[in-house]
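Residue numbers are given in full-length UniProt numbering: position 155 of the sequence shown equals residue 155, and the series is strictly consecutive.
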Amino acid sequence: MTSFVQNTVHGLKSLLDQNGVIRILGSEGEITDALVTFSGSGASQSDIRAFETHHQLSLPDDYKKFLTLHNGARIFDSLLDGVNIGGGLHLFNIKEIDTELKDEELYEDVSGIPIGHLLEECDLMIDRDRLKEGDPNYLYLLEDGLEYKPLDLNFEIFLDRYVMCHGQPFWEWRYYTAENYYRI
């Protein structure tokens with residue numbers, strides 16, 4: 001399987017202005033500015049191997065590819081009058097993942113590796129059990145520390161869709177017709 005994480009990241013970066021801002025068209029014609037920041041450098045292969053050895057796991061190849069490009073990122077944080085008010089996707093660097101994993105209480109009922117915060121309401125998780133089984137649909141959301149919900153995606157497809165949808169929660173979209181759209 002070929003990873004297209006690099007293409008997604010480079011494509012997004014090409015749309016940013018010199019300050020990392022992108023103007024996006026949202027639902028019903030709303031235009032907003034969002035901030036995108038990537039860590040200055042990627043994680044080394046030896047740092048990734050040390051993390052995997054310490055936690056006795058093997059991260060998925062597409063996610064490792066992202067870490068080697070950028071060891072962490074913030075994607076589509078909302079800007080209000082030029083001030084970052086958050087709300088986007090915070091992809092953790094390796095040290096942040098390690099710190100999150102030390103909070104065993106938060107993750108005791110799930111078999112997940114937290115790799116980011118999403119919309120400041122939930123954690124983006126790699127499911128350890130699915131990973132061990134070789135299931136490519138290993139991403140989950142842990143919402144409010146309570147509901148562990150499968151996304152049925154891997155990291156690169158999630159990232160690609162998240163970027164294409166300008167940070168909108170595409171996994172929650174329902175099918176709308178002209179009849180039912182206005183009833184909501």
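Where is the CB? At the ideal position from N, CA and C, for every residue including glycine.
Limits of the beta strand (DSSP E) - the one that residue i falls within
i: G116; result: G112 to L118
i: L142; result: L139 to E143
i: K149; result: E147 to P150
i: D123; result: C122 to D127
Local conformation of residue i per DSSP, three classes
i: H90; result: strand
i: A73; result: strand
i: D33; result: strand
i: F38; result: strand
i: R161; result: helix
i: D103; result: coil
i: T177; result: coil
i: A43; result: coil
i: S27; result: helix
i: R130; result: helix
i: R49; result: helix
i: D135; result: coil
i: L153; result: coil
Bridge partner(s) assigned by DSSP for residue i
i: S78; result: A34 and G86
i: I22; result: A34
For residue j and residue i, believed in contact at Cβ under 8 Å, the rounded distance
i: Y148; j: P60; result: About 18 Å separates the two Cβ atoms, so there is no contact after all.
i: L142; j: G167; result: Actually they do not touch by this definition, with Cβ atoms about 19 Å apart.
i: E156; j: D62; result: 4 Å
i: R74; j: T32; result: Not confirmed; about 16 Å, so no contact.
i: F51; j: D127; result: 17 Å between Cβ atoms; not a contact.
i: H70; j: S39; result: 5 Å
i: E121; j: D144; result: 7 Å
Bounding residues of the alpha helix (DSSP H) (the contiguous stretch that carries residue i)
i: Q168; result: Taken as a continuous stretch (DSSP letters only), Q168 belongs to no alpha helix (DSSP H), as it is neither H nor E.
i: residue 186; result: Any property of residue 186 remains undetermined from this structure, which presents the chain solely from 1 to 184.
Cβ-Cβ distance between residue i and residue j below 9 Å
i: I48; j: A34; result: no
i: residue 243; j: L153; result: Outside the modelled stretch of the chain, which goes from 1 to 184, sits residue 243, for which no answer is possible.
i: L101; j: H55; result: yes
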